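Residue 534 is where the sequence shown starts when you use my numbering, and the numbers rise one by one after that. See below for the structure under consideration.
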Amino acid sequence: MLTNPRYTGRQVWNKQRKTEILIDVDDVALGHETKLRWNPTQEWIYSGALVHEPLIDDETFTRVQTLIASAGRRPDGVTKPRASKRSYVLSGLLHCGICQRRMIGSFNNDRNHYRCTYAAEYADTNRIAHPRSVYVREDHILEQLDPWLAQAFSPGRLTETVQAMAEAQHNEADQQAIKAARETLATCATRLDRYRAALDSGTDPTIVSRWIADVQAEQVTAEANLRRLTGRRTMSPDEIRHIVETLGNIIAVLRDADPADKALIYRSTANWD
Numbered sequence: 534m535l536t537n538p539r540y541t542g543r544q545v546w547n548k549q550r551k552t553e554i555l556i557d558v559d560d561v562a563l564g565h566e567t568k569l570r571w572n573p574t575q576e577w578i579y580s581g582a583l584v585h586e587p588l589i590d591d592e593t594f595t596r597v598q599t600l601i602a603s604a605g606r607r608p609d610g611v612t613k614p615r616a617s618k619r620s621y622v623l624s625g626l627l628h629c630g631i632c633q634r635r636m637i638g639s640f641n642n643d644r645n646h647y648r649c650t651y652a653a654e655y656a657d658t659n660r661i662a663h664p665r666s667v668y669v670r671e672d673h674i675l676e677q678l679d680p681w682l683a684q685a686f687s688p689g690r691l692t693e694t695v696q697a698m699a700e701a702q703h704n705e706a707d708q709q710a711i712k713a714a715r716e717t718l719a720t721c722a723t724r725l726d727r728y729r730a731a732l733d734s735g736t737d738p739t740i741v742s743r744w745i746a747d748v749q750a751e752q753v754t755a756e757a758n759l760r761r762l763t764g765r766r767t768m769s770p771d772e773i774r775h776i777v778e779t780l781g782n783i784i785a786v787l788r789d790a791d792p793a794d795k796a797l798i799y800r801s802t803a804n805w806d
């Protein structure tokens, strides 16, 4: 009732539209069925004149809509996406081969699918021969994807893969921070040598001591950062190789892995050639 504009006394059109969807995505011959879908509120059409006595004035109705719209927002203005009840391990990674738009997860006939919907009028405008709905089954993709990923652990590529996994234990940000800390230590050592030489040449000891103290403070901070970044427990290439060889059939491991772990693997390899 709070969101129904009819209570303002006006008639409203174009609130919904008809959409044709496949009855069974695995059997296109069964045809389509008609479903009603809500249009965005900005596309609704209101009558200019009142058609019945209003129960609420326009200003109050507008204020209520603003309150409802802001009720789910966080105080810091950051909104969190609504969690899906189902896990789609390739979520955010698939794009339609016809229109290049990102495909979304869709659960149909007890299976995970990825869907791309494209309104017929948009297809006509952009001159794209695009079906109204395109579906692809997740398991059909994984049947091809998992063997491709497993190639990285074949005997001919195992050493290269293990080395890359060992190096990846420090992400790019860590590697940059380690490099910066080492450069700071080298600069500090050079500056200390220069200040000590200035002290030997007769420069005011009070001034030089202050310079040395400042540099030593920078040095201590850089050393602490370097210890924190490089002192983490990491696995050697030999340890990683042992785990990979112990796992055995990588394809079976991927097939039986937790969906959340699989999603992380697929995202991390999205840019592989």
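From the three backbone atoms N, C-alpha and C, an ideal C-beta is built for every residue, glycine too. No experiment lies behind these values; they were computed from the predicted model shown.
| Item | Value |
| --- | --- |
| Among residues of its own chain, excluding the 5 on either side of L535, which ones have a beta-carbon nearer than 7 Å to its beta-carbon? | V597, I601 |
| Write down the C-beta distance between Y807 and G638 rounded to the nearest angstrom, noting that I regard them as a contact closer than 8 Å. | No statement about residue 807 is possible, as the shown extent of the chain runs from 534 to 806 and does not include it. |
| Take A710 as the anchor and find which of R724, L780, C721, R761 has the nearest alpha-carbon. | R761 |
| Nearest to I589 by alpha carbon, out of M768, Q677, A793, N537? | N537 |
| Figure out for me which residue from K548, A785, Q684 has the closest Cα to the Cα of P573. | K548 |
| Go through its chain and collect everything with a Cβ distance to I783's Cβ below 7 Å, but skip five positions before and after it. | A683, F686 |
| Could you give the first and the last residue of the continuous alpha helix (DSSP H) run that contains V741? | 738 to 763 |
| Relative to the C-alpha of Y540, which candidate in V777, E576, H585 has its C-alpha closest? | H585 |
| Secondary structure at Q677, three-state DSSP: helix, strand or coil? | helix |
| Once the 5 residues before and after R543 are set aside, which same chain residues still bring their CB inside 7 Å of it? | Y579, S580, L583, V584 |
| Which residues does DSSP list as the beta-bridge partners of G638? | Y647 |
| For my contact list, L675 and A714 are in at a C-beta cut-off of 8 Å; report their separation, rounded to the angstrom. | Actually they are not in contact, since the Cβ atoms of L675 and A714 sit about 42 Å apart, beyond 8 Å. |
| By Cβ distance, which residues of its chain are closer than 6 Å to L718, with the 5 residues on each side in sequence left out? | A755 |
| Beta-carbon within less than 7 Å of V741's beta-carbon, same chain only, minus the 5 sequence neighbours each way: which residues are those? | Y728, A731, L732 |
| Out of curiosity, what's the CA-to-CA distance linking T552 and M768? | 54 Å |
| When the Cα atoms are used, what is the spatial distance from T595 to T763? | 57 Å |
| Whole angstroms is fine: what's the gap from C632's alpha carbon to F640's? | 22 Å |
| Give the secondary structure of E566 by DSSP, where H, G and I count as helix, E and B as strand, and everything else as coil. | strand |
| Look up K551 in the DSSP assignment and say whether it is helix, strand or coil. | strand |
| Would you please verify whether the beta carbon of C649 is less than 7 Å from any beta carbon of chain B? | Note that chain B does not occur in the displayed structure, where there is just one protein chain. |
| Return yes when the Cβ of R670 is within less than 7 Å of the Cβ of R644, no when it is not. | yes |
| Is L623 buried or exposed, if buried means 16 or more other CB atoms sit within 10 Å of its CB? | buried |
| Look at the Cβ atom of V695, then the Cβ atom of I745, and state whether they are nearer than 7 Å. | no |
| Does the Cβ of K795 have 16 or more other Cβ atoms within 10 Å, making it buried, or fewer, making it exposed? | buried |
| Bridge partners for R670 per DSSP, in chain order? | H646 |
| Sort out for me which residues DSSP pairs W577 with in a bridge. | Looking at the DSSP assignment, W577 forms no beta bridge with any residue, so it has no partner. |
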